[in-house]
Amino acid sequence: MNKGELLDAVAEKANVIKKQAEAVVTAAFDMIQATVAAGDKVVG
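Residue numbers (my numbering): 1499 to 1542.
In structure tokens, the structure reads:
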């Protein structure tokens, strides 16, 4: 799955437009990267 496919899937699942899904996915990835870079774990 590439980023475009991920955004399409998130937009459909969340019932939002692709641009809104992109903002949320980008923010989530940024937060995950910052957490890992700080040496912390990301758990789900």
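Glycine included, every Cβ here is placed at the ideal spot set by N, Cα and C.
The structure displayed is predicted, hence computed values, not measured ones.
Query, Result
"Same chain, Cβ closer than 7 Å to residue 1515, five either side skipped, listed in chain order", "1509"
"Endpoints, alpha helix (DSSP H) assigned at residue 1511", "1501 to 1512"
"Exposure of residue 1512, with buried meaning 16 or more beta-carbon neighbours within 10 Å", "exposed"
"Supposed contact pair residue 1530 and residue 1540 - C-beta distance, whole angstroms, cut 8 Å", "5 Å"
"Cβ-based burial, residue 1519 [other Cβ within 10 Å; buried from 16]", "buried"
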